[in-house]
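> Residue numbers (the working numbering): 387 to 459.
Beta carbons are placed, not taken as given, at the ideal position from N, Cα and C, and that holds for glycine.
#1: To the nearest angstrom, how far is it from the Cα of residue 459 to the Cα of residue 450?
#2: When DSSP labels each residue in this structure, what does residue 449 get in the three-state scheme?
#3: Express the C-alpha separation of residue 443 and residue 432 in angstroms, rounding to a whole number.
#4: Measuring straight from C-alpha to C-alpha, what distance separates residue 445 and residue 453?
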């Protein structure tokens with residue numbers, strides 16, 4: 387039986403074609419690559435409340451750790 391998965395894109399960089407806004411807020415300029423992950427849906431459902439509480443960087447770390455633990459990497 388095929389395991390149901392959910393695919394999410396994690397990208398902390400603003401779109402390269404997005405025009406720079408003139409406001410008091412600064413863009414996240416951290417140099418982060420785009421990651422494509424296939425996360426089993428039950429795993430994501432278990433983590434989504436905790437992910438909603440986290441910042442972008444710690445959310446990415448939490449997902450990568452959960453995937454590594456799930457697949458025994």
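The answer reads as follows:
#1: Rounded to the nearest angstrom, the two C-alpha atoms are 10 angstroms apart.
#2: In this structure, residue 449 counts as helix in the three-state DSSP scheme.
#3: Straight-line Cα distance between these residues: approximately 19 angstroms.
#4: If I take the Cα positions, the gap works out to 12 angstroms.
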